[in-house]
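> Supplied in structure tokens, the structure appears directly below.
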Ligand SMILES: NC(=O)C1=CN([C@@H]2O[C@H](COP(=O)(O)OP(=O)(O)OC[C@H]3O[C@@H](n4cnc5c(N)ncnc54)[C@H](OP(=O)(O)O)[C@@H]3O)[C@@H](O)[C@H]2O)C=CC1
Ligand SMILES: O=C(CO)COP(=O)(O)O
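In structure tokens:
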């Protein structure tokens, strides 16, 4: 099955580089610039030359001739991108590669695809994976979630490369929640470390953050086993402990009282607000998410946020 990647950010470029091991791949960029001549994405993934089988195109109809379309634009841009191009994306297999919850609806990427392109086959590719690692050919395991298991099996085969090992599930809600919520907890962990609160505090935030992830997942009828897999626990572990993560680095900056480049893609920022609003609407207890949303909106500082978490009523674990 032929593959194209739509969106030439760090992640889309890294996936295209790895998938080109299996055969021709088109990487579509809205502004390809000099990528095709330089054979490198100097802006988003410098130092990773393109293999011969990777072709860059600015023509969406060229990319959309492929059987499988991986969509690697940021979450808050996903609906507008799909709506603008819904005709050409119609009846395609569309694999979301973004991690987040839509601010204006509280929905994840698979549901957004289903709404914007109703006759597409929607799926999501998620899990612990830094673009730089994938592009270097380092071993990476991901979750592919597709409600249609026949389509899911075909995607699992097509997206496996020598360094990408793909696990499969039909639980799209669980997979999209894990990838979205771990970013919010990573901001909290970065803030704790940045403020000098220590690694014990980080472990507490990761564990209680995971409890929040499971709480929302159960409420939305996701399978708890999905959250304990690569897309949930796996990605939470990676993102909360690595300075390669932009979400973690934003948290570090908040904790240290430093500024952070607003042009960097940090999915957890909008997702914290979206999930905080959703939790309030649904009457769910998600205090770490609420604290991150408060920090990002300048309603709280790190010391007050931590104090509010520590002074909550005592309870069973
Ligand atoms: N980087 C990583 O390690 C990983 C990222 N992800 C996820 O992948 C998603 C994308 O992140 P990442 O690639 O890192 O982000 P980047 O900031 O590197 O790139 C974002 C890309 O999206 C493009 N884009 C934005 N809006 C549109 C639009 N409307 N139409 C077309 N293209 C658009 C930008 O194009 P332009 O250059 O023209 O502005 C840019 O190339 C996120 O949800 C992230 O969570 C998942 C796993 C790992
Ligand atoms: O999702 C990721 C790792 O799995 C990438 O994390 P950041 O978006 O925080 O850089």
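In the working numbering, the protein residues as written are 1236 to 1552. Where a beta carbon is used, it is the ideal one built from N, C-alpha and C, also for glycine.
Does the distance from the C-beta atom of residue 1288 to that of residue 1242 stay below 8 Å?
It is not a contact, given that the beta carbons lie outside the stated cut-off.
> Considering residue 1440, what are the terminal residues of the beta strand (DSSP E) in which it resides?
Note, residue 1440: premise wrong, no beta strand (DSSP E); alpha helix (DSSP H) at 1434-1454.
> By Cβ distance, which residues of its chain are closer than 7 Å to residue 1454, with the 5 residues on each side in sequence left out?
Excluding sequence neighbours, residue 1454 sits near 1517, 1519.
> Less than 8 Å separating the beta-carbons of residue 1426 and residue 1489?
Yes.
> Tell me the rounded alpha-carbon separation between residue 1252 and residue 1549.
Cα to Cα, the separation comes out at about 50 Å.
> Mind checking whether the beta-carbon of residue 1286 lies closer than 7 Å to any heavy atom of ligand 2?
Checking the Cβ of residue 1286 against ligand 2 gives no.
> Does at least one heavy atom of ligand 1 sit under 7 Å from the Cβ of residue 1502?
Result yes, Cβ under 7 Å from ligand 1.
> Taking only heavy atoms of ligand 2 into account, decide whether any of them is closer than 7 Å to the Cβ of residue 1558.
Coverage of the chain is limited to positions 1236 through 1552, which leaves residue 1558 absent and any answer about it impossible.
> Using the Cα positions of residue 1530 and residue 1536, report the straight-line distance between them to the nearest angstrom.
Whole-angstrom Cα-Cα distance: 6 Å.
> I'd like to confirm the pairing. Which residues does DSSP put opposite residue 1357 in its beta bridges?
DSSP lists 1329 as partners of residue 1357.
> Do you know offhand how far residue 1527's Cα is from residue 1551's?
When rounded, the distance between both Cα atoms is 23 Å.
> Locate the beta strand (DSSP E) running through residue 1290, then write down its first and last residues.
1289-1292 is the extent of the beta strand (DSSP E) around residue 1290.
> Taking residue 1376 and residue 1473 to be in contact with their CB atoms under 8 Å, please state how far apart those CB atoms are, rounded to whole angstroms.
With 8 Å as the limit, residue 1376 and residue 1473 do not qualify as a contact, their Cβ atoms being about 11 Å apart.
> For residue 1276, which of helix, strand or coil comes out of DSSP?
DSSP places residue 1276 in strand when its eight states are reduced to three.
> Mind checking whether the beta-carbon of residue 1279 lies closer than 7 Å to any heavy atom of ligand 2?
No; taking the cut-off as 7 Å, the Cβ of residue 1279 has no heavy atom of ligand 2 nearer than that.
> What do you reckon, is the C-beta of residue 1243 under 7 Å from a heavy atom of ligand 1?
Residue 1243: yes, Cβ under 7 Å from ligand 1.
> In terms of DSSP beta bridges, what is residue 1260 paired with?
Answer is 1238, 1289, bridged to residue 1260.
> Can you tell me whether residue 1412 is buried or exposed? The criterion is at least 16 other CB atoms within 10 Å of its CB, across all chains shown.
Label assigned to residue 1412: buried.
> Would you mind reading off the limits of the alpha helix (DSSP H) that contains residue 1553?
Given a span of 1236 to 1552 for the chain in the structure shown, any question on residue 1553 remains unanswerable.
> State the Cα-Cα distance for the pair residue 1515 and residue 1328, rounded to the nearest angstrom.
When rounded, the distance between both Cα atoms is 34 Å.
> Measure the C-alpha to C-alpha separation of residue 1293 and residue 1534 and round it to an integer number of angstroms.
Roughly 42 Å between the two C-alpha positions.
> At what residues does the beta strand (DSSP E) containing residue 1336 begin and finish?
Here residue 1336 belongs to no beta strand (DSSP E), and DSSP marks it neither H nor E.
> Any heavy atom of ligand 2 inside 7 Å of the beta-carbon of residue 1344?
It does not: the Cβ of residue 1344 is nowhere closer than 7 Å to a heavy atom of ligand 2.
> Which residues in the same chain have their Cβ closer than 7 Å to the Cβ of residue 1522, if we skip the five residues on either side of it in sequence?
So the qualifying residues of the chain are 1544, 1547.
> Can you check DSSP and say which residues form a bridge with residue 1303?
1238, 1328.
> Between the Cα of residue 1295 and those of 1321, 1360, 1335, spot the shortest distance and give me the residue it belongs to.
It is 1321.
> Count the other CB atoms within 10 Å of the CB of residue 1481; is the residue buried (16 or more) or exposed (fewer)?
Classification of residue 1481: buried, given that the 10 Å Cβ count is 16 or more.
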